[in-house]
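Adding 8 to a residue's 1-based position in the sequence shown gives its number in my numbering. Beta carbons are placed, not taken as given, at the ideal position from N, Cα and C, and that holds for glycine. What follows is a single structure, written as C-alpha cells, with notes after it.
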Amino acid sequence: MPPLTAASDRIDQLAQDLRHHRRLYYTGDAAISDAEYDALEHEFRALLDEHPELTPADNPLEEVGAELAGELYADARHEVPMLSLEKATSDAELDVFLGRFPDQSFALWPKFDGLSVSVLYGGGRLARAATRGNGEVGQDVTVNVRGGEVHGMPEVLPERIDCEVRGEVVMLRSDWRAYNAAHEDKPLANARSAAAGTLLAKDRGKVADRPVTFYAFDLIRLGDGPTDRKLAEELTALGFIVEGYEESSDPETIRAYIKRILDSRHDVDYELDGVVIKLVDRTAYEAAGQTGHHPKGAIAFKLPPEVAVTRLLEVDWTPGKTGQLTPRGRVERVFVSGTHIEHVSLHNLAVIAARDIRVGDRVYILRRGDVIPFVSGVVDPAERDGSERVIEPPAECPSCGAPLVLVGESTVVMCEYSQGCPAQRLRRLIHWCSRAGADVEGLSEARLEQLVDAGLVSTPSDIYRLGYATLMPGGKARFEGWGERSVQNLLAAIEKSKGVGLRRALVGWSIPLTSEGTAKRICRHGYESVEQLQSATVEEMCEVDDVGPVVAEALRKFLDQPATKEEIAALR
C-alpha cells in the first residue's frame with residue numbers, strides 16, 4: 009500500500025476511534041484510560057502535522073466534548089461556549105504558552121477528573137444545571153441536582169444575583185470507597201466515570217445513592233460588571249467550594265505549583281489529571297481569542313499517567329452477594345503508584361474482549377489514586393508465542409459448583425444458586441453488617457468467615473443468637489485473635505444493631521434492584537415496618553417515587569420467598 013494511502017487510512021481510523029472514545033468518556037462509560045486516549049490523540053496530531061492535506065473536514069481535534077448521547081435530558085445551550093482546554097505535557101509547551109502573555113497574572117487550580125457542569129442562577133436561585141456536552145449544547149441535569157443532592161452546589165445563594173457558575177462534579181475517593189464497600193457485587197470502576205454516570209443517570213435514585221461534590225472554578229456575572237474581589241473569594245462568599253486556587257505571574261512559581269500538585273496527588277480526596285492555567289484578567293482572556301476547540305488564554309498541564317508493565321498470570325472469578333462473578337487478575341508483582349501490586353481488576357467480559365487481554369500477556373497496569381489497579385491494555389500482541397490463553401469464565405461456580413449462566417448480552421457471569429452458595433452467603437452477611445446495613449461494628453469479614461466456617465452463622469438472624477457462652481466457652485475465646493474485651497464489645501454492637509429500621513434492613517438484605525435510594529423512598533412514602541411492606545401489592549409499591557414495575561416485582565419476589573419469610577420471623 010502506498011505510504012500516503014496508508015497514512016490516510018490510519019488518519020480515518022484514528023478520527024473514528026477518537027470520536028468513539030470521547031463519546032464513551034462523556035457518558036460515564038470510558039473503555040480506555042486517559043493515557044491511552046492521549047496516545048491516540050498524539051499519534052493523530054503527528055500524522056496531521058506530517059500530512060496536513062489529509063486533515064478530515066470533521067476534524068475531531070476541533071470538536072469539544074462529545075455529541076449528545078440520545079435524548080436522555082433536554083438540550084441546554086451554553087450562551088458562552090464551554091470549550092475544552094489545549095493540553096501541555098512538557099515544560100517546553102508550558103513555556104510557549106506563558107511566553108505569549110508576558111507579565112500577565114494567571115489563575116491556577118487543580119484540573120479535577122470528573123464532569124464539567126454549568127449552573128445558572130436567577131435572582132440567587134438555581135435555575136438550570138447542564139453538562140458541557142459538545143461545548144455549545146449540553147444536557148439539562150437540573151432534576152438530578154435539586155434537593156441538595158450535589159454537595160457544594162447551593163440551591164439558593166446569599167446574594168440575589170444572576171450568574172453562571174462553572175465547575176466540576178466529582179466523586180470523592182472516600183465516597184467512592186464507601187460506596188463500593190456497600191455495593192461490592194456491582195462496584196464503581198473509578199470515581200471519574202462514577203461522577204459522570206451519576207449525574208447523567210435516568211434513575212434519580214442513583215444521585216441519592218452516590219454522593220458527588222461540586223468544585224467551582226469560574227463565575228460569570230450576568231448584567232453586572234466585575235468586582236474587586238478575587239475569583240476564589242467571590243465563589244466562596246456565594247457558598248461554593250473552591251479548592252487549591254492560586255494566582256501568580258511568575259513562571260517559576262507556576263512550575264512550583266504544578267510540582268506541588270503532582271507531589272500531593274495521592275494525598276487529596278479527589279481524582280485529578282492536571283493543572284489549569286488561565287489568564288486572571290477577563291478582558292485579556294477574551295482578547296486572546298479562541299479556536300473552534302479551545303480558548304487561547306488558558307491551558308491544561310496534564311500530569312503524567314502512572315503506568316507499570318507486568319505479566320498476567322491467572323484470572324480468578326469470585327461471586328458477589330447477588331451471585332455476579334467478578335474477574336480478578338493475578339500478575340507478577342510490580343510497583344506502581346506507591347505500592348506493590350499483585351492483583352488487578354479486569355472489570356468484566358466485555359472489557360476483556362475489547363482489549364483482547366489473555367493470560368500470559370505482558371500488560372499495562374494503571375493505578376490512579378484510590379482507583380483499583382486495572383489492566384488498561386496489552387503491551388504488544390505481536391509478542392505472543394502461542395502459550396497465551398483466551399480468558400473465559402468457568403462453567404461452574406468456584407464456591408458452590410452450581411452451573412453458571414451468562415446474562416446481559418453474555419457479558420455478566422452469574423451463579424443463580426443464591427441460598428446454597430457459600431461465597432454469596434458470606435458476601436451478604438458482610439453487607440448486612442456494613443455501615444449501609446445494620447452497622448454491626450467489630451464484625452469484620454475475617455471474623456464473619458470464622459463464624460461461618462464454624463457453622464455458627466449462615467443468615468443475619470444467626471448473628472443475633474450469638475452469646476457470651478458461644479464465643480467464650482469456659483471463659484476462653486473460641487477463635488484465635490478474639491479476647492474478652494473484643495467479645496464484649498461485639499455483643500454490645502450486636503445488641504445496638506437490633507434497633508435497625510426498615511431502611512437499613514432493606515439495604516442489608518441485598519435485595520436485587522433495591523438500592524439505598526429505593527429503600528429511602530419506600531420509607532419516605534410511609535412504610536414503617538417490614539410487615540407493612542409484606543402486605544403491599546406490586547401496584548401499591550409502584551406508587552413510591554421512582555419505583556417502577558421491575559423494581560416492585562423484584563422486591564415482591566424477594567419478600568415472597570419462604571427463606572425470606574423465615575428470616576423475617578427470626579429477626580422479630
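By the beta-carbon neighbour count (other beta carbons within 10 angstroms, threshold 16), Pro481 is exposed. Annotated three-state conformation of Trp440 is helix, per DSSP. The continuous stretches of beta strand (DSSP E) do not include Arg168, and DSSP gives it neither H nor E. By the Cβ neighbour-count rule, Thr545 is exposed, with fewer than 16 other Cβ atoms within 10 Å of its own. Distance from the CA of Gln147 to the CA of Arg85, rounded to the nearest whole angstrom, comes to 8 Å.
Taking a cut-off of 8 Å on C-beta distances, the segment 523-542 touches the segment 564-580, as three or more cross pairs fall below it. The three-state reading of DSSP puts Pro406 in coil, since its state is none of H, G, I, E or B.
Listed in chain order, the beta strand (DSSP E) elements of length 3 or more contained wholly in the segment 314-379 are 315-327, 332-344, 347-353 and 370-374. In terms of Cα proximity to Ala578, the closest of Arg397, Cys171 and Ser469 is Ser469. Look at Met179 here: in three-state DSSP terms it is coil, with no helix or strand label. Here the C-alpha atom of Ile262 lies approximately 41 Å from the C-alpha atom of Asp369. For the set Ala527, Phe309, Val323 and Thr522, the Cα lying nearest the Cα of Glu561 is the one of Thr522. Of the candidates Ile349, Asn142 and Leu165, Leu165 places its Cα closest to the Cα of Leu128.
Exclusion of the five residues before and after Val173 leaves Val127, Ala224 and Leu227 as the residues of its chain whose Cβ lies within less than 6 Å of its Cβ. Judged by their CB atoms, Val283 and Lys119 are nearer to each other than the 8 Å cut-off.
Unbroken alpha helix (DSSP H) stretches of 4 residues or longer found wholly inside the segment 73-133: 99-107, given in chain order.
Under the three-pair Cβ rule at 8 Å, the segment 526-534 does not count as touching the segment 411-431.
In this structure, Pro335 lies near Ile360, with their beta-carbon atoms less than 8 Å apart.
The Cβ neighbour count for Arg181, taken over all protein chains shown within 10 Å, is at least 16; the residue is labelled buried. When only Cα atoms are considered, Tyr45 and Arg18 end up about 16 Å apart. According to DSSP, Cys531 shares a beta bridge with no other residue. By the criterion of a C-beta distance shorter than 8 Å, Asp99 is surrounded in its chain by Arg263, once the five residues flanking it on both sides are discounted. The secondary-structure analysis by DSSP pairs Pro259 with nothing; it has no beta-bridge partner. In this structure, Ile471 lies near Val448, with their beta-carbon atoms less than 8 Å apart. Per DSSP, reduced to three states, the secondary structure at Phe382 is strand.
A residue is called buried when at least 16 other Cβ atoms come within 10 angstroms of its Cβ; Asp217 meets this threshold and is buried.
A direct Cα-to-Cα measurement between Ile285 and Leu437 gives close to 49 Å.
In the structure shown, Gly282 adopts extended strand secondary structure according to DSSP, grouped into three states. Here Leu321 is exposed, its C-beta having fewer than 16 other C-beta atoms within 10 Å.
Bridge partners of Gln147 according to DSSP: Asp83.
Check the Cα spacing between Met161 and each of Gly143, Lys238, Leu208 and Thr244: the tightest is with Thr244.
For Ala245, the uninterrupted alpha helix (DSSP H) run begins and ends at Leu239 to Ala245, by DSSP. Following the DSSP letters along the chain, one finds Asp461 inside the alpha helix (DSSP H) bounded by residues Glu453 to Asp461.
With respect to the 8 Å criterion, Tyr265 and Ala115 are not classified as neighbours on the basis of their beta carbons. About 18 Å separates the CB atoms of Cys423 and Leu354; that is not less than 8 Å, and the two are not in contact.
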